[in-house]
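The listed protein sequences derive, respectively, from chains A and B. In terms of the working numbering, the first sequence has 93 at position 47, counting the first letter as 1, and numbering is strictly consecutive. In terms of the working numbering, the second sequence has 104 at position 106, counting the first letter as 1, and numbering is strictly consecutive. Note that the Cβ used here is the ideal one computed from N, Cα and C, for glycine as well.
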Amino acid sequence: DARVTQTPRHKVTEMGQEVTMRCQPILGHNTVFWYRQTMMQGLELLAYFRNRAPLDDSGMPKDRFSAEMPDATLATLKIQPSEPRDSAVYFCASGPAGVPDTQYFGPGTRLTVL
Amino acid sequence: GQSLEQPSEVTAVEGAIVQINCTYQTSGFYGLSWYQQHDGGAPTFLSYNGLDGLEETGRFSSFLSRSDSYGYLLLQELQMKDSASYFCAVGALYILTGGGNKLTFGTGTQLKVEL
């Protein structure tokens, strides 16, 4: 049963610290997405990769957030420095080529910045 | 940009039928998807409509009318486990060279199924 995995599942940190979230997409999927979910803003797209190339990171605060795919099995989302307003659930999702609009979400990383 | 509207909350009884509507405004529209999310869980894909009409998957059906910029999710024979949030999502081609689709999610409809 192929699944998207994310680590860590929970992270509590203090303001100013660096946070790194990792995602392993489903093997064979060529699209990877990072979303942030909060009660106020709902699900927001932060970054989008296709075949490991970043295609859209317009939803991401550039000054503190960065997203990379060092290889096809790993996507990372970093926040440096973190702020309390970054507290949210961060989801990674992957999608297969040629299947429109079907994304498979990981379990999420619940981030709390104190 | 894209915008979607769906009701914030719907309540229904077990065994009933419920319809969750979604209207959208978008450019480069590609299709309408529906996702389910239980409390504390991750969104899971339910259905996709790329063309007008009805798509049926078991107890769930989804409908799209491109001319009306409107779609709905129909849940039949409601069960307690269907209590969750349901999101419509609009896919839009935003890279013409085959870069794939970008999904914009609605704010979600919380469905409560009661006995």
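CB contact below 8 Å: residue i versus chain A
i       : result
F61(B)  : no
S67(B)  : no
L101(B) : yes
Q26(B)  : With the sequence shown as reference, residue 26(B) is identified as Gly, and Gln is not the correct amino acid for it. With 8 Å as the cut-off, G26(B) does not count as an interface residue toward chain A.
S31(B)  : yes
G51(B)  : no
P5(B)   : no
Y46(B)  : yes
T107(B) : no
G13(B)  : no
D56(B)  : Here the sequence assigns Gly to residue 56(B), which means Asp is not the residue at that position. For G56(B), the answer is no, since every Cβ of chain A falls outside 8 Å of its Cβ.
A87(B)  : yes
A40(B)  : yes
For residue i, the residue or residues it bridges with in DSSP
i       : result
R68(A)  : T53(A) and T122(A)
N19(B)  : Y70(B)
Q34(B)  : T42(B) and Y84(B)
E114(A) : T122(A)
S140(A) : V78(A) and Y150(A)
E90(A)  : R82(A)
T59(A)  : V159(A)
T9(B)   : K110(B)
Interface flag, residue i vs chain B, CB-CB below 8 Å
i       : result
L89(A)  : yes
Q149(A) : yes
D102(A) : yes
F137(A) : yes
G62(A)  : no
G74(A)  : no
P142(A) : no
P71(A)  : no
P54(A)  : no
Rounded separation between residue i and residue j - CA only
i       : j       : result
Q22(B)  : V88(B)  : According to the sequence shown, residue 22(B) is Tyr rather than Gln. In a straight line, the C-alpha of Y22(B) is about 8 Å away from that of V88(B).
I18(B)  : V111(B) : 13 Å
L94(B)  : S31(B)  : Note that L94(B) scores 41 on pLDDT, short of 50, meaning its location in the model is unreliable; the coordinates nonetheless yield the value given after this. One C-alpha to the other measures close to 20 Å.
P54(A)  : N97(A)  : 24 Å
G38(B)  : P153(A) : 9 Å
V65(A)  : Q52(A)  : 14 Å
F111(A) : F95(A)  : 15 Å
T171(A) : I125(A) : As shown, chain A starts at 47 and ends at 160. That puts residue 171(A) outside it, with no answer to give.
A121(A) : L113(B) : 43 Å
Q149(A) : Q83(A)  : 16 Å
P100(A) : P127(A) : 22 Å
R49(A)  : R68(A)  : 14 Å
E12(B)  : G106(B) : 21 Å
C20(B)  : G69(B)  : 5 Å
Y33(B)  : E3(B)   : 15 Å
L71(B)  : T59(A)  : 39 Å
Residue burial classification, residue i (beta-carbon count within 10 angstroms, cutoff 16)
i       : result
K108(A) : exposed
I15(B)  : exposed
D147(A) : buried
P41(B)  : buried
Q87(A)  : exposed
L9(B)   : For the record, residue 9(B) in the displayed sequence is Thr; it is not Leu. Looking at its Cβ environment, which holds fewer than 16 other Cβ atoms inside 10 Å, T9(B) is exposed.
D80(B)  : buried
S140(A) : buried
P71(A)  : buried
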